[in-house]
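Trainee: Okay, so the sequence shown: first residue is 1 according to this note's numbering, each after it adds one.
Beta carbons: idealized from backbone N, C-alpha and C, even for Gly.
Predicted model only: the values in this text are computed from it and were never measured.
Quick one: the structure is below, and I'll ask about it shortly.
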Amino acid sequence: MPAAFFGHGNPMNALEVNRYTAAWREFGRSVPRPRAILVVSAHWYIGATAVTAMPRPRTIHDFYGFPQQLFDVRYPAPGLPELAEEISDAVHPTWVGADVDSWGIDHGTWSVLTHAFPDADIPVVQLSINAFKPLDYHLDLGARLAPLRERGVLVVASGNVVHNLGGVDPRLADEGFDWARRFDDAARETVQDAPAEVARLDGHRDFDLAVPTPDHFIPLLYLAGLAGAAGDRPEVLVDGYAYGSLSMTAYTLGLRCRGAQPPGGAPPLPAGVPADSANI
């Protein structure tokens, strides 16, 4: 199976047709049907490494201040509890817990999959981001997931390479600040030419602005780990910026499917959405 990293951006993308969501749909149409989808989402950022292991994961609306239409979205994909043991075996000796009742499918996952796999008939399992671990841990864990690709599991990482909610300017719907562009360009060069060095991006001069908290950046490390394990070069699926301080860049691994995209970039931010000091 191929693998991918998606810059998911504003949750409103789940309801939109724009150049990003069109690219996500093209990806879904181009992928051989997976046995399961394993997602590393920025929004399951906890103090442990765990996987969802419930047969029917719930749709989680982990945001506030958005219109009711977004809260009405459901992504009723089944789970695959037995995949938890496969993941645990693949990453041994790293410990992975099985979550049978606390999480589900969060918007970092369903806002993308509702476009890529709109029928919601492929089992979905999420892998948490362990907030207590350094960047190298996540890079290594991504590499350890590589055998799952040979077993029909599509590994998807969902975050944003640049994600600074405190710096958002709603007037800059499709633009990026200079520092956001510099960091996104450096990340692209590194993930394509030297994926084993992606964790070293924390030394880039714009890292603190681009990555004020690591939750949305860390998913990129999982794709980089998979690329390093495969000795393969990720391809850009779609790129762009939103609100000055978000990068929408997405990458594929083992699949090239960048095609014609409709006009239209990031959706407007709804009026009254409160600032999120946690950056999540």
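1. Candidates ASP101, THR52, LEU154: which alpha carbon is nearest VAL31's?
2. From LEU70, VAL96, ASP121, HIS43, pick the residue whose C-alpha is nearest to that of GLY79; which is it?
3. For GLN192, which residues from the same chain have a beta carbon less than 7 Å from its beta carbon, with the 5 sequence-adjacent residues on both sides left out?
4. Confirm, please, whether the CB-CB distance from HIS8 to SER128 is below 7 Å.
5. For the stretch 5 to 23 against the stretch 83 to 100, are there 3 or more C-beta pairs whose distance is under 8 Å?
6. Drop a sphere of 10 angstroms on the beta-carbon of GLN68, count the other beta-carbons inside from all chains shown, and report buried for 16 or more, exposed for fewer.
7. Could you give the C-beta distance for GLY142 and ALA224, rounded to a whole number, given that I count them as a contact under 8 Å?
8. Examine chain B for any beta-carbon lying closer than 7 Å to the beta-carbon of ASP174, and answer yes or no.
9. Measuring CA to CA, which of TYR222, GLY97, TRP95 is closest to SER158?
10. Residues in the same chain with beta-carbon distance under 8 Å from VAL114, minus the five sequence neighbours each way, listed in chain order, please.
11. Starting from GLU235, follow its DSSP beta bridges and name the residues at the other end.
12. Is the beta carbon of VAL125 closer than 7 Å to that of LEU38?
13. Assign VAL100 to buried or exposed, taking buried as 16 or more other Cβ atoms, counted over all protein chains shown, within 10 Å of its Cβ.
14. What residue range does the alpha helix (DSSP H) around TRP286 cover?
15. Can you name the residues that DSSP bridges to ASN18?
16. Determine the extent of the alpha helix (DSSP H) in which THR52 is found, giving its start and end residues.
17. Distance, Cα to Cα, ASP174 vs THR109?
18. Which of the three DSSP states is assigned to ALA278 in this structure?
19. Taking the C-alpha atoms as reference points, what is the distance between VAL211 and PRO147?
20. Per DSSP, what are the beta-bridge partners of HIS163 in this structure?
21. Reducing DSSP to helix, strand and coil, say where ILE37 ends up.
22. Extract the residue ranges of the alpha helix (DSSP H) inside the stretch 139 to 202, only unbroken runs of 4 or more that lie entirely within it.
23. Which same chain residues end up closer than 8 Å to SER277 when comparing Cβ atoms and leaving out the 5 residues on each side of it in sequence?
Mentor: For this structure:
1. LEU154
2. ASP121
3. ARG233, PRO234
4. no
5. no
6. exposed
7. 6 Å
8. The chain labelled as chain B is not found in the depicted structure, where only one protein chain is given.
9. TYR222
10. The residue you asked about is not Val; residue 114 is Thr in the sequence shown. Within the same chain, THR114 has close Cβ partners ALA14, VAL73, TYR75, ALA120.
11. THR252
12. yes
13. exposed
14. The first residue shown for the chain is 1 and the last is 280, placing residue 286 beyond what the model contains.
15. DSSP, once it has assigned bridges, lists no residue as partnering ASN18.
16. Note, THR52: premise wrong, no alpha helix (DSSP H); beta strand (DSSP E) at 50 to 52.
17. 22 Å
18. Caution applies to ALA278, whose pLDDT of 46 falls short of 50 and renders its modelled position unreliable; the value that the coordinates give is listed next. DSSP places ALA278 in coil when its eight states are reduced to three.
19. 30 Å
20. LEU246
21. strand
22. 146 to 149, 178 to 193
23. Caution is warranted here: a pLDDT of 46 is assigned to SER277, below 50, making its placement in the model unreliable, and the coordinate value is therefore given only provisionally. Correct list, in chain order: GLY166.
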